[in-house]
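Before any comments, here is the structure.
Numbering (the working numbering), first residue to last: -10 to 75.
What follows is the structure, given as structure tokens:
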């Protein structure tokens, strides 16, 4: 399972066993505002969201963009991993 960046749709995607997991963002100046994270219900609790969000945030940092968590999952993830706090 590898994470891909779908720039046209403003989201990161990961093919999970039961469908597509997504982390949606809105570009805003020199930042990405992460607005929604979704994993197929059958795949919840398997670390898929964490893997997806970590890749999305790593890509955001690598591009020199600020991370703005607006989705509850991303907010909680950043609290657990302060290295992503902008």
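Beta carbons are placed, not taken as given, at the ideal position from N, Cα and C, and that holds for glycine.
field: Residues bridged to residue 17 (per DSSP)
entry: Residue 17 is bridged by DSSP to 20.
message: Quick check: the Cα distance between residue 20 and residue 9, rounded to an integer number of angstroms?
response: Each residue's Cα considered, the two are about 25 Å apart.
query: Taking the alpha-carbon positions, what's the residue 43 to residue 2 distance?
result: The straight-line gap from Cα to Cα measures roughly 12 Å.
field: DSSP-derived helix/strand/coil call for residue 10
entry: Three-state DSSP puts residue 10 in a strand.
query: Quick one: Cα of residue 5 to Cα of residue 29, how far?
result: Straight across, the Cα-Cα distance linking residue 5 with residue 29 is about 8 Å.
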